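Worksheet for the structure shown next.
Protein chains: 4
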Amino acid sequence: MVYKKQHYEDLGLGAKASSGRIRSLNKDGSFNVKKKGLPLFQRIHFYHALVSMSWFHFLLLILSAYLVVNLLFACLYFWIGVENLTGIDGSTDLDKYMEAFFFSSQTITTLGYGRTAPISFPASTVAAVESMIGLLAFALATGLLYGRFSKPSAKIRYSNSAVMAPYQGISGFMFRVLNPYSNQLLEVEVTVTLSMRKKDSDLRDFHQLDLERNKVVFLPSIWTVVHPINETSPLYNLTEESLLEKEAEFIVMMRAFDESFSQTVYSRSSYKASEIKWGYKFTYIIEQEEEGISLDVSRIDETEKAR
Amino acid sequence: MVYKKQHYEDLGLGAKASSGRIRSLNKDGSFNVKKKGLPLFQRIHFYHALVSMSWFHFLLLILSAYLVVNLLFACLYFWIGVENLTGIDGSTDLDKYMEAFFFSSQTITTLGYGRTAPISFPASTVAAVESMIGLLAFALATGLLYGRFSKPSAKIRYSNSAVMAPYQGISGFMFRVLNPYSNQLLEVEVTVTLSMRKKDSDLRDFHQLDLERNKVVFLPSIWTVVHPINETSPLYNLTEESLLEKEAEFIVMMRAFDESFSQTVYSRSSYKASEIKWGYKFTYIIEQEEEGISLDVSRIDETEKAR
Amino acid sequence: MVYKKQHYEDLGLGAKASSGRIRSLNKDGSFNVKKKGLPLFQRIHFYHALVSMSWFHFLLLILSAYLVVNLLFACLYFWIGVENLTGIDGSTDLDKYMEAFFFSSQTITTLGYGRTAPISFPASTVAAVESMIGLLAFALATGLLYGRFSKPSAKIRYSNSAVMAPYQGISGFMFRVLNPYSNQLLEVEVTVTLSMRKKDSDLRDFHQLDLERNKVVFLPSIWTVVHPINETSPLYNLTEESLLEKEAEFIVMMRAFDESFSQTVYSRSSYKASEIKWGYKFTYIIEQEEEGISLDVSRIDETEKAR
Amino acid sequence: MVYKKQHYEDLGLGAKASSGRIRSLNKDGSFNVKKKGLPLFQRIHFYHALVSMSWFHFLLLILSAYLVVNLLFACLYFWIGVENLTGIDGSTDLDKYMEAFFFSSQTITTLGYGRTAPISFPASTVAAVESMIGLLAFALATGLLYGRFSKPSAKIRYSNSAVMAPYQGISGFMFRVLNPYSNQLLEVEVTVTLSMRKKDSDLRDFHQLDLERNKVVFLPSIWTVVHPINETSPLYNLTEESLLEKEAEFIVMMRAFDESFSQTVYSRSSYKASEIKWGYKFTYIIEQEEEGISLDVSRIDETEKAR
């Protein structure tokens, strides 16, 4: 018995057709999937959260943690008694607490001016533990800081629209991509998956599209990804209207090796039926110059009427 | 001469059939294999051990090491003579030893308050060496701390049971998986190996099962892995009883690229014959909402009677 | 309908033929592509820039940043008033400013001699913040320093010229490569792409060349990469003159796993038609010695008249 | 025209046959290839050298560098004049130099007790620079220390000898491997290359051998790698004597993903004709126990007369 390979439950990306304006993959590469039924702390991976949050929140978090930890240790020193520290000469309790606070900050950063220093067993013990905690905690903070800084980010720029343009006597679904940065992306691979509503059904099915070329050895300038619409294409004989009606969505995933980061990077995007320009083609934007070629990155979205 | 490719000595996973209740792969992904004949220190890789131990043990180990090293250096300073350190004003030997201990802790963390400071050649030399050792040792400790924190862990959640459910006119062995976290797993690949006792023998053989789909480009919600039981399947015409009698075990390995960690991650699990529900199918748990789809992670194990 | 797979817009590497002396890939592996139309800060990735700049510029940058930051914090302490710091005994404002500057450097490095120490709330606060900033900033600087140091660099050495030499009764395009270092490159793969001007056109087309062998398991000494010129080769029946006229360029990309760095590394180079020696072959430079073989790395470019 | 794919110049591994006792790949995985013709500093990559040297040499190097750098900075402080440092109370020049030396060590580690502290512009400047250099230099040293510690090393244990044993009615070349450690190796792949002297020639040729199985999904216990000697094998009809005469060498390379290190690791070994036992087979060393199977790692080399 023969059966066709196909998705079971459609990759979990909403087998039931949604209303036309909803996309399963957002332009920024995130999915329109909400996971529930788990307590927050089980759903969140701390490292992931700390690496993904905005720089503003990350730095605010570090500063707050630094403040809070020092306030707590200052309480501890205050509770032990500031007479166990040298050089505390504040007259009010608040002044003394503040001096304990600054002593704590000088201890946790292993700064240790020594103007204030512990002179009894309990204060020395707390200081010894605090300096060790400081080394460990700052190792986490600075590791995360550097990890965020050196994390390769999605660098590929997609054309805003895709086009349906003449291609080799037939027609082709095309979009283009480029790497706006000066670093090199190598062995760039692309996968395009088409999701459409099934005929007379509220279910969707998914097709991986054949591409004229699904891998380039390097991506020095611009690459036009082409799916030729021949007899084997699920787009064969489909019109602009039928694509809109079937709520077609083209889900794009790219993989590349980023040479500066020495890492594999991924990038995702998607095109809805309404983001396809029929009968247009992309403008040729590469210019020949004296010493090589030049490329105007800002013109990636330019299209023109196909003859 | 033609011969069939097959395992020689069955992957070393116990060619002799074990009693039915033993599994070769535990639910947590570890193997039921004990290695002996090597001294402990040759069998253990320090880095591996330090990265794999529990957080409690790891932090306890660091704290103990910190304590022990400072106690030892304090002995050294005490043996050299505390008169070689400034600011030691303890009256008893124990007091003086404790002051030496705290001086050591201020040196190894490079805190250096300076209230206590070395004033002779031997004490200064020990302090110079200790501060260097401190920098190196804390680099190891904090490196391991960060390494543990940023280590991608197996994040895939497997359904507790597998099912034998109708699939495309025939029957299929199915289980489902999801990633409960908010990070993305990309290019997820699965391998399912079936291990069964040979007929009239106490040996086992191993079969890699054909899957409806052994790779998905991303895993935003839930994936039902299906092995269709057609004529070429080693499960063809087998009943629930014969699987139990043959002590069947389905060994699952998944590989994925974890986008937040920028690393390849692996996950393993297994299903014994007794963990398969015959005639059940998984409940459809994806809900269409206003702005996308939603998935109740806690319902992954839900099955219902297949029609 | 059948159509041949081919590049659309020719990889963006200048479909319009350039004048003969321009190469698309430089000998150092960089591309002759200029990207414009983006503001500088969007085109540059900080990490990439900091990892790619020369060691001289990198160290100069760190030193300058250290100087500037300390000058700024010194201004801050000076503005707060140096009477808030102990041990400032300079007589002139410049002297006092310099003492504040050195206090700042002792704070940002968490050195903290303590001869100068903050004694009021505002000065203590600035010092507490400065020491934290110091820990974070030095973590970035040292992370980058180590990242640069441990970054695998292209290590493959290419022969200056390629040759057209007899090969197995026909002729072959050949160049050779070696790894001059003592570390091992494993699973070395090579791709050779030929770019030529189309007949009677100012466009170029690209051909990936079949190689006698496109992968070696390891590269302990020297490897001669060979493209045999049989009937299927785009070089079939082409002469030295036609290659020059078609402005042929052979673009080479190699990928390998670098065992010491535990990373995948890439290397690129190219040969223009004018860098091919016709009728020459590479000299055999491996010598058999008592305890193994020996290889004179400096003789990689040696060729001799082919019989 | 058809031609057989084969090595050109035989991978550079000594096409001219060497005397029988020389192996191209040593048991430890290093190659018997000496590279010359390059100055030392061009042949050595610093990072590679520092990561590959023994622990003893590495720690000795760090200690020496620490000593030398402090001696140099002490000279600088001495030359500036120790009267620019507080707390120097040595009576002789040597005493003063030693105090400058210890001041330097307290500065470079950012310890900064403060008993000795710089009080003039030149001394403060040198100290400010030294503490910055200290932070950078220790970052390199500790980065290397951790890099060495967390570097995955070849962990695969090979049987000392290979065997020629009966296999499925024919004969097979076999050796076995195991991972003695408790960490998991995943997706283990093996390549076996046979190198033999050509008939009536002093050249060698190389054959990649077909294996019964060249990849296992995991390697929990022991794996017997088998090359079946059928009609297509280069070993077909060869005897023990002819293998010795042809100076056969079996070069083994394994690749695996090491789960604890989250990295791809490689391992190499080789078998000379004289290390093959004809008519023997490996002893079955897996034992079934109550709670799983057990494996005596030390018995990996055990063979027995094949029936």
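Chains as they are written, first to last, in this note's numbering: chain A, 440 to 746; chain B, 440 to 746; chain C, 440 to 746; chain D, 440 to 746.
In this text, a Cβ means the ideal position worked out from N, Cα and C, and glycines have one as well.
Since we're looking at a predicted model, the values are computed, not measured.
- Between Phe470 of chain C and chain A, the shortest Cβ-Cβ separation is below 8 Å.
- According to the DSSP assignment, Phe495 of chain D belongs to the alpha helix (DSSP H) that extends over Trp494 to Ile519.
- Taking a C-beta distance under 8 Å as the contact criterion, Gln623 of chain C and Phe657 of chain C qualify as a contact pair.
- The Cβ atoms of Ile668 of chain A and Ile715 of chain A lie no closer than 8 Å to each other.
- Per DSSP, the beta-bridge partners of Val664 of chain D are D:Phe614.
- For Gln545 of chain D, the enclosing alpha helix (DSSP H) starts and ends at Asp532 to Ile547.
- Closest by C-alpha distance to Thr546 of chain B, out of B:Tyr516, B:Tyr705 and B:Thr663, is B:Tyr516.
- Here Ile558 of chain D has Asn523, Leu524 and Thr525 as same chain residues with Cβ atoms under 8 Å from its own Cβ, once five neighbours each way along the sequence are excluded.
- Ile724 of chain D is a Cβ neighbour of Glu741 of chain D, given a cutoff of 8 Å.
- For Leu658 of chain D, no pairing in a beta bridge is given by DSSP.
- Residue environment for His666 of chain B: buried (at least 16 other C-beta atoms within 10 angstroms of its C-beta).
- Secondary structure note for Phe645 of chain D: its beta strand (DSSP E) is the uninterrupted segment Arg643 to Gln647.
- DSSP lists B:Thr632 and B:Ser709 as the bridge partner or partners of Ile690 of chain B.
- Gly553, Ala556, Phe560, Ser563, Ala567, Ser570, Met571, Leu574, Leu575, Ala578 and Leu579: these are the residues of the region 553-581 of chain A whose beta carbon lies less than 7 Å from some beta carbon of chain B, given in chain order.
- Secondary structure note for Pro605 of chain A: its beta strand (DSSP E) is the uninterrupted segment Ala601 to Tyr606.
- Closest in C-alpha terms to Thr663 of chain C, from the list C:Pro673, C:Thr671, C:Ser672 and C:Arg652, comes C:Arg652.
- Going by DSSP, Leu734 of chain C is part of the beta strand (DSSP E) stretching over Gly731 to Asp735.
- In this structure the region 537-552 of chain D does not touch the region 508-515 of chain C; the number of beta carbon pairs closer than 8 Å is below three.
- Chain-ordered listing is empty here: chain C has no CB closer than 7 Å to the CB of Asp740 of chain A, the nearest sitting near 11 Å.
- Chain D has no Cβ within less than 8 Å of the Cβ of Ile527 of chain B.
- Where Phe588 of chain D is concerned, the enclosing alpha helix (DSSP H) starts and stops at Phe560 to Phe588.
- For the pair Leu734 of chain A and Lys685 of chain C, the CB atoms are not nearer than the 8 Å cut-off.
- As the crow flies, the alpha-carbon of Arg643 of chain A is around 22 Å from that of Val736 of chain B.
- Judged by DSSP secondary structure, Phe470 of chain A falls outside any beta strand (DSSP E); it is assigned neither H nor E.
- Take the alpha-carbon of Tyr597 of chain A and the one of Ser570 of chain B: they are about 53 Å apart.
- The region 575-585 of chain D makes contact with the region 578-587 of chain C, as at least three CB pairs between them are under 8 Å.
- Ala695 of chain B sits in a strand when the DSSP states are folded into three classes.
- Sequence-ordered contacts of the region 606-621 of chain A with chain C read Tyr606, Gln607, Gly608, Ile609, Gly611, Met613, Arg615, Leu617, Asn618, Pro619, Tyr620 and Ser621 [C-beta pairs closer than 9 Å].
- At least one C-beta of chain D is nearer than 8 Å to the C-beta of His484 of chain B.
- Beta-bridge partners assigned by DSSP to Ile725 of chain C: C:Leu734.
- Setting aside the 5 residues that flank it on each side, Ser713 of chain B is surrounded in the same chain by Leu683, each with a C-beta closer than 7 Å to its C-beta; the list follows chain order.
- Looking only at B:Tyr585, B:Tyr536, B:Leu574 and B:Gly476, the smallest Cα-Cα distance to Leu489 of chain B is reached by B:Tyr585.
- With respect to Pro591 of chain C, Val704 of chain C sits close: the two C-beta atoms are nearer than 8 Å.
- In the DSSP assignment, Glu679 of chain B falls within the alpha helix (DSSP H) that extends over Glu679 to Glu684.
- Across the structure, Leu648 of chain A and Val627 of chain B are spaced so that their CA atoms are roughly 19 Å apart.
- Residues Ala601 and Phe689 of the same chain have their beta carbon placed closer than 6 Å to that of Tyr710 of chain C, with the five preceding and five following residues left out of the count.
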